[in-house]
Structure formats: structure tokens, C-alpha cells
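Numbering follows my numbering, with no gaps: position 66 of the sequence shown is 531.
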Amino acid sequence: MGSYVDSVLVRGERVEYQAKLHWRIYFTSKAVLTLWISPIIRQMTSEFVITNKRIIMKTGLISRKTFEMNLQKIESVNVDQSFWGRLLGFGTVSIVGTGGSRESFSDISKPLLFRRKFQETEITAE
Numbered sequence: 466m467g468s469y470v471d472s473v474l475v476r477g478e479r480v481e482y483q484a485k486l487h488w489r490i491y492f493t494s495k496a497v498l499t500l501w502i503s504p505i506i507r508q509m510t511s512e513f514v515i516t517n518k519r520i521i522m523k524t525g526l527i528s529r530k531t532f533e534m535n536l537q538k539i540e541s542v543n544v545d546q547s548f549w550g551r552l553l554g555f556g557t558v559s560i561v562g563t564g565g566s567r568e569s570f571s572d573i574s575k576p577l578l579f580r581r582k583f584q585e586t587e588i589t590a591e
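Put into C-alpha cells, the structure is as follows:
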């Protein structure tokens with residue numbers, strides 16, 4: 466598990482599932498133009514975790530984007546997959562919270578498994 470998630474876990478919180486970025490990030494024009502440095506950095510600095518209390522997502526090295534939401538505040542987890550996404554097993558995961566807030570994360574490997582693990586996670590009291 467990554468250092469960011471380790472640093473923000475609270476007492477009694479445990480990781481239920483950790484997703485990864487799909488290998489397709491290595492086969493883009495940006496990857497080729499940066500000699501594969503960009504996708505390596507993206508892979509190393511991205512964390513997508515479901516705990517027994519919340520969803521934690523972090524991306525970025527120099528400019529960091531974090532998203533943390535308590536499981537009780539999440540209305541739905543949506544998955545968008547193109548034809549190639551369905552065929553190769555990647556997609557965009559969108560978290561919709563109460564009040565209409567929405568965060569999307571692309572190129573997630575096995576996005577349907579991510580959604581299923583969220584649905585299977587038992588919410589524990591704070």
C-alpha cells in the first residue's frame with residue numbers, strides 16, 4: 466500500500482480493496498513522447514483504496530489531487546467503459562456523493578470489481 470493511504474488511516478480503519486491503474490497507460494502518445502517516464506510516475510503516485518470507513522483516492526506527484534469520502538456519504542459508484550475498456554478491463558470510476566458532488570478517475574483496472582468491492586464493504590461506525 467502507498468504511503469499516502471498509510472498516513473491518513475485512522476484508528477480502527479482497515480483497507481478492504483486497493484485498485485491499480487491499467488497497463489494501457491503505457492501505450493499512449495504521452496507515454497511514448499516522455500519515454501515512458503510519465504506513466505511510470507503516474508503508476509507510482511496513484512492510490513485508489515476502499516476502507517471499511519471511506520474511499521480514498523490520490524493522484525499526482527508535484528501537484529497532488531486527493532479525494533476522500535465517507536462511505537455513508539456516497540450515493541453511487543458509476544463505471545464508464547468504452548468498447549476497448551470492456552475488452553481490456555479498464556474504465557472510469559465516478560463517485561457520486563450526497564449533494565451531487567462527483568469525482569471521476571480514469572484508467573482504473575477492473576472498475577467493475579472496484580464497484581462490487583464498494584458494494585460489499587460493510588460500513589463501520591465512526
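Just so you know, even glycine gets a beta-carbon here, dropped at the ideal spot from N, CA and C. Everything numeric in this text was worked out from a predicted model, so none of it was measured.
Check: Could I get the ranges of all uninterrupted beta strand (DSSP E) runs contained in the segment 537–589, with 3 residues as the minimum, in chain order?; Outcome: 539–545, 555–562 and 567–574
Check: Give the DSSP-derived three-state secondary structure of Ile-515 in the structure shown.; Outcome: strand
Check: Roughly how many angstroms separate the alpha carbons of Ser-574 and Phe-583, rounded to a whole number?; Outcome: 15 Å
Check: How big is the Cα-Cα spacing for Phe-570 and Tyr-469?; Outcome: 17 Å
Check: Just to confirm the assignment, what range does the alpha helix (DSSP H) spanning Val-485 have?; Outcome: The residue you asked about is not Val; residue 485 is Lys in the sequence shown. From DSSP, Lys-485 is part of no alpha helix (DSSP H); its letter is neither H nor E.
Check: Would you please state the rounded distance, in angstroms, between the beta carbons of Thr-586 and Ile-515? I believe it to be under 8 Å.; Outcome: 6 Å
Check: For Ile-506, which three-state DSSP category applies?; Outcome: helix
Check: Around the Cβ of Glu-512, are there at least 16 other Cβ atoms within 10 angstroms (buried) or fewer (exposed)?; Outcome: buried
Check: Whole angstroms are fine: how far does the CA of Leu-577 sit from the CA of Leu-553?; Outcome: 12 Å
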